[in-house]
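Residue numbers (the numbering used here), protein chains in the order written: chain L, 12 to 160; chain E, 604 to 840. Built from N, CA and C at the ideal position, the CB exists for glycine as well. Predicted model, so just to flag it, every value in this text is computed and none were measured.
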Amino acid sequence: MIILLLATILQLVPLDGRWLLWRPNLLLLVMITWMLYFSDQYGIEFSVILGVFADFIFGTTLGFYVLIFTLCGALVALLRRTVAYLEPIHQAVLVCLLVSTSELFKAWSNIVVDKPVFWQHLPSVVLLSVLIWLPLDKLVKTIHRWQHQ
Amino acid sequence: MAYHLQVMANFPNRVKQWVELKTTSREELEQRANNLEKERLILLGKLQRSADLAAENLRLRQLLNASELLMDSVLVTEVIGVSPDPQNHRISIDRGAEDGVYVGQPVLDATGLMGQVVEVYSNYSQVLLITDFNHALPVQVVRNGLRSIVEGVSDFNQMELGFVSPTVDIVIGDQLVSSGLGGRYPVGYPVGTVTEIDYQSGEKFMQVKVQPSAQLDRSRHLLLVFTLQNGVFNGQN
Chain L
12 MIILLLATIL
22 QLVPLDGRWL
32 LWRPNLLLLV
42 MITWMLYFSD
52 QYGIEFSVIL
62 GVFADFIFGT
72 TLGFYVLIFT
82 LCGALVALLR
92 RTVAYLEPIH
102 QAVLVCLLVS
112 TSELFKAWSN
122 IVVDKPVFWQ
132 HLPSVVLLSV
142 LIWLPLDKLV
152 KTIHRWQHQ
Chain E
604 MAYHLQVMAN
614 FPNRVKQWVE
624 LKTTSREELE
634 QRANNLEKER
644 LILLGKLQRS
654 ADLAAENLRL
664 RQLLNASELL
674 MDSVLVTEVI
684 GVSPDPQNHR
694 ISIDRGAEDG
704 VYVGQPVLDA
714 TGLMGQVVEV
724 YSNYSQVLLI
734 TDFNHALPVQ
744 VVRNGLRSIV
754 EGVSDFNQME
764 LGFVSPTVDI
774 VIGDQLVSSG
784 LGGRYPVGYP
794 VGTVTEIDYQ
804 SGEKFMQVKV
814 QPSAQLDRSR
824 HLLLVFTLQN
834 GVFNGQN
């Protein structure tokens, strides 16, 4: 719960305009790590609830992030049995795939409503998400081990 | 709950400000105070000229039997939150219905128009910035009075003028101010400067890019404008 609260606060910290485009979706990263390591507690319902919360935080139309989070949650649920036992660097590929899916879906929805899309920031957001995910993964893995001891 | 989350998220910024204040030396503070005093004198000088122009304007309006001149009152406010979605140009300010804030109220910073209040809660409000994709604002060119509409493109450093015919008199460097049409924004507040004009032959309109006057992604202290109409300030009983 503390990790989720911290992620929410970091997501809301006011930044200058140019940095806003670089900030990764921390809630999505928290969802991915929790669903990977606590699969018995956090299933697809958790991704739906977190999606509703993300819609509230981002001020988007209700259902926008629910759809993105559910889609990513479903992919994690599908692949976690294989991915959970891989090396972190290999798991990062999955994170890269999920964040790219989320960003491309956002870009597509912006194109649909004629909003501008900042394509040049997409690779940096994906890369930063992976870089943030690596220590986050280590932290959640430590908590997971500690709970099972 | 949203308000409390925003206050918590704003906490690192407050700590940063506090540390900056505590680590500033006495010499630096004295230098800053001296600079501010000089700036104040320059502004007072400009204000004298402005008061003279306002008086002249009033006399001319009286000669023309024009309607009552609008006068504005302001309330200082602080930014407590910024929308985490970079496409959604909204900010939260620490003034709400308890301070007389109302929906549609114009918001300024020290250099120009920032946006308008779109949601009011008891102790905080949401402001839609002029650079938001869903925002459009009637403006006029200071040099020749040409009227147009400036639209946001979800970029903090750029807006676009809509429907500008290739034959109109507009040049790079032209200053734009609010025209007051539509009744939402008061007349004469700086909006931006024309930075780029592009015309592809065969097109009906030119593409005119505008840099906003206000520091939309940096200003922390803002002004809420209460316009005086028929002797009563809007939003205040």
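9 angstroms Cβ cut-off: residues of chain E touching residue i
| i | result |
| --- | --- |
| P127(L) | Q690, F736, V756, S757 and D758 |
| R34(L) | P687 and P689 |
Cβ-based burial, residue i [other Cβ within 10 Å; buried from 16]
| i | result |
| --- | --- |
| L672(E) | The pLDDT assigned to L672(E) is 48, lower than 50, so where the model puts this residue is not dependable; a value taken from the coordinates is nonetheless given after this. L672(E) should be labelled exposed. |
| W45(L) | buried |
| R34(L) | buried |
| K807(E) | exposed |
| T734(E) | buried |
| T830(E) | buried |
| N613(E) | buried |
| D820(E) | buried |
| W144(L) | buried |
| I79(L) | buried |
| A575(E) | It is not possible to answer for residue 575(E), since the shown part of chain E is limited to 604 through 840. |
| T627(E) | exposed |
| S676(E) | exposed |
| V723(E) | buried |
| I100(L) | exposed |
| P709(E) | buried |
| I68(L) | buried |
| Y802(E) | exposed |
| S58(L) | buried |
| Q609(E) | buried |
| I60(L) | exposed |
| I13(L) | exposed |
Amino acids of chain L, ordered along the chain, whose beta-carbon sits closer than 8 angstroms to that of residue i
| i | result |
| --- | --- |
| D820(E) | D27, G28, R29 and L31 |
| Q609(E) | L23 |
C-beta atoms of residue i and residue j nearer than 8 angstroms
| i | j | result |
| --- | --- | --- |
| V767(E) | M809(E) | yes |
| G715(E) | V794(E) | yes |
| I122(L) | G84(L) | no |
| V753(E) | V813(E) | yes |
| S111(L) | V87(L) | no |
| L825(E) | Y788(E) | no |
| G62(L) | T93(L) | no |
| V771(E) | S782(E) | no |
| V106(L) | V151(L) | no |
| L47(L) | A95(L) | yes |
| L133(L) | E114(L) | yes |
| L779(E) | V744(E) | yes |
| I775(E) | E799(E) | yes |
| S822(E) | D712(E) | yes |
| R811(E) | E763(E) | A small fix is needed here, since residue 811(E) is Val in this sequence, not Arg. Closer than 8 angstroms, so yes. |
| R750(E) | D777(E) | no |
Interface partners of residue i on chain L, CB under 9 angstroms
| i | result |
| --- | --- |
| A612(E) | T19, I20, L21, Q22, L23, V24 and P25 |
| V682(E) | P25 |
Residue span of the beta strand (DSSP E) that contains residue i, given as start and end
| i | result |
| --- | --- |
| T796(E) | P793 to D801 |
| A65(L) | Taken as a continuous stretch (DSSP letters only), A65(L) belongs to no beta strand (DSSP E), being part of the alpha helix (DSSP H) at I55 to F69. |
| G14(L) | The sequence shown places Ile at residue 14(L), not Gly. Segment I13 to L23 is the alpha helix (DSSP H) holding I14(L); no beta strand (DSSP E) there. |
| D758(E) | R750 to D758 |
| G765(E) | Q761 to V767 |
| I694(E) | R693 to I696 |
| S822(E) | Neither: S822(E) is in no beta strand (DSSP E) and is coded neither H nor E. |
| P815(E) | M809 to P815 |
Bounding residues of the alpha helix (DSSP H) (the contiguous stretch that carries residue i)
| i | result |
| --- | --- |
| R34(L) | Segment: none, R34(L) is in no alpha helix (DSSP H) and carries neither H nor E. |
| G84(L) | F75 to V94 |
| S113(L) | P99 to V123 |
| F614(E) | F614 to T626 |
| V137(L) | L133 to H159 |
Contacts of residue i in chain E (Cβ-Cβ under 7 angstroms)
| i | result |
| --- | --- |
| G70(L) | S686, D688, N691 and R693 |
| R156(L) | Neighbours of R156(L) on chain E: none; closest Cβ ~30 angstroms, over 7 angstroms. |
Per-residue contacts from residue i into chain L (C-beta, under 7 angstroms)
| i | result |
| --- | --- |
| Q719(E) | Residues of chain L passing the Cβ test: none, with the nearest at roughly 16 angstroms. |
| P615(E) | V24 |
Short CB-CB distance (under 8 angstroms) between residue i and chain B
| i | result |
| --- | --- |
| L145(L) | Reference to chain B is not applicable here, since the protein chains of this structure are L and E. |
Given 8 angstroms as the limit, is there contact between the region 684-697 of chain E and the region 720-732 of chain E, that is, 3 or more CB pairs closer than that? yes
Taking three-plus beta-carbon pairs below 8 angstroms as touching, is the region 682-694 of chain E in contact with the region 782-798 of chain E? no
Count Cβ pairs between the region 125-140 of chain L and the region 17-30 of chain L that sit closer than 8 angstroms; are there 3 or more? no
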